[in-house]
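Read through the structure below, which is laid out as structure tokens, and then see the notes.
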Amino acid sequence: LAKTTQPISMDSYEGQEVNITCSHNNIATNDYITWYQQFPSQGPRFIIQGYKTKVTNEVASLFIPADRKSSTLSLPRVSLSDTAVYYCLGKTDSWGKLQFGAGTQVVVTP
Amino acid sequence: DVKVTQSSRYLVKRTGEKVFLECVQDMDHENMFWYRQDPGLGLRLIYFSYDVKMKEKGDIPEGYSVSREKKERFSLILESASTNQTSMYLCASSQVVGYTFGSGTRLTVV
Chain A
38 LAKTTQPISM DSYEGQEVNI TCSHNNIATN DYITWYQQFP SQGPRFIIQG
88 YKTKVTNEVA SLFIPADRKS STLSLPRVSL SDTAVYYCLG KTDSWGKLQF
138 GAGTQVVVTP
Chain B
10 DVKVTQSSRY LVKRTGEKVF LECVQDMDHE NMFWYRQDPG LGLRLIYFSY
60 DVKMKEKGDI PEGYSVSREK KERFSLILES ASTNQTSMYL CASSQVVGYT
110 FGSGTRLTVV
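As they're listed, the protein sequences go chains A and B.
38 is the number of the first residue of the first sequence in the numbering used here; add one for each residue after it.
10 is the number of the first residue of the second sequence in the numbering used here; add one for each residue after it.
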């Protein structure tokens, strides 16, 4: 399984852009890179997924370089409600089973 | 809106009791999963199922069993609850990639 490494925590102010980089050195050719967001006392919520280059949706952007050994989740102009734990997952096996790492705690302050 | 519904939000049970945690999804997904989440340990996979009446052990199946009699319902069973099974339990479903999680059941075993 691909091991992912991401920072334990990040602090930001409202209105700033937050970039969380995840490394996944042994990602397999068929693996997608998926990010989830989790608020306290709730289940994780799917944010974005990509295979290579750049993916953007209404919530975030995902940048994946050509070698795919890392990815960066970009949250534009964060608000207090973006305070959450963000998980990078670099592996889904044949059954769609995900292995969650420790995640990055993002704290947004006024 | 698609949903994964867990029957109880909070549950308190006594040591030695048999406990049933129910999960229902309305997305006709093939795959369903049970995780537990504990501070400092992240999300750990207990069991998963990729079809009706099929089940596979995850990373920490000891003390648990599961039942999937219908496609939409996946039950987690604690045969004899113990205090070390006090945790947040999360159910999820997926079709290929990308999970939808329930809101979780916070189980306390006293």
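Beta carbons: idealized from backbone N, C-alpha and C, even for Gly.
Beta-carbon gap between TYR44 (chain B) and LEU52 (chain B) smaller than 8 Å: Here residue 44 (chain B) refers to the residue found at position 35 of the second sequence. Here residue 52 (chain B) refers to the residue found at position 43 of the second sequence. Contact flag set, yes.
Quick one: which unbroken alpha helix (DSSP H) runs of 4-plus residues sit fully inside the segment 59–104 of chain B? Chain order, please. When DSSP assignments are scanned along the segment 59–104 of chain B, no uninterrupted stretch of alpha helix (DSSP H) that is 4 or more residues long falls wholly within it.
Between the C-alpha atoms of MET97 (chain B) and GLN79 (chain A), what's the straight-line distance to the nearest angstrom? Working through the second sequence from its first residue, we reach residue 97 (chain B) at position 88. Working through the first sequence from its first residue, we reach residue 79 (chain A) at position 42. MET97 (chain B) and GLN79 (chain A) have their C-alpha atoms roughly 9 Å apart.
Contacting residues, own chain, Cβ-Cβ under 7 Å from SER76 (chain B) (five flanking each side not counted): The sequence position of residue 76 (chain B) within the second sequence is 67, counting from 1. Excluding its 5 nearest sequence neighbours in each direction, SER76 (chain B) has C-beta neighbours in its own chain below 7 Å: SER84, ILE86, listed in chain order.
At the 8 Å Cβ level, is TYR108 (chain B) part of the contact set with chain A, yes or no? In the second sequence, counting from the first residue as 1, residue 108 (chain B) sits at position 99. Yes, its Cβ sits closer than 8 Å to a Cβ of chain A.
Cβ neighbours of GLU54 (chain A) in the same chain (closer than 8 Å, five flanking residues each side left out): The residue you call residue 54 (chain A) lines up with position 17 of the first sequence. If we look at GLU54 (chain A) and ignore the five residues flanking it on each side, its Cβ neighbours are SER111, LEU112, PRO113, ARG114, VAL115.
For ILE57 (chain A), which beta-bridge partners are listed by DSSP? Numbered from its first residue, the first sequence carries residue 57 (chain A) at position 20. The partner list for ILE57 (chain A) (beta bridge, DSSP) reads A:LEU110.
If we call anything under 8 Å between Cβ atoms a contact, is GLU81 (chain B) one with ASP60 (chain B)? Counted from its first residue, the second sequence places residue 81 (chain B) at position 72. Counted from its first residue, the second sequence places residue 60 (chain B) at position 51. The answer is no: Cβ separation not under 8 Å.
Residue range of the beta strand (DSSP E) that includes ILE101 (chain A): To locate residue 101 (chain A), count along the first sequence from 1; it is residue 64. For ILE101 (chain A), the enclosing beta strand (DSSP E) covers residues 98–101.
Identify which residue in A:GLY52, A:LYS40, A:ILE57 has its Cα closest to the Cα of SER46 (chain A). Here residue 46 (chain A) refers to the residue found at position 9 when the first sequence is read from its first residue. If we check each option's Cα against that of SER46 (chain A), A:ILE57 comes out closest.
Is it right to say ASP47 (chain B) is buried, meaning 16 or more other beta carbons lie within 10 angstroms of its own, or is it exposed? The residue you call residue 47 (chain B) lines up with position 38 of the second sequence. Looking at its Cβ environment, which holds fewer than 16 other Cβ atoms inside 10 Å, ASP47 (chain B) is exposed.
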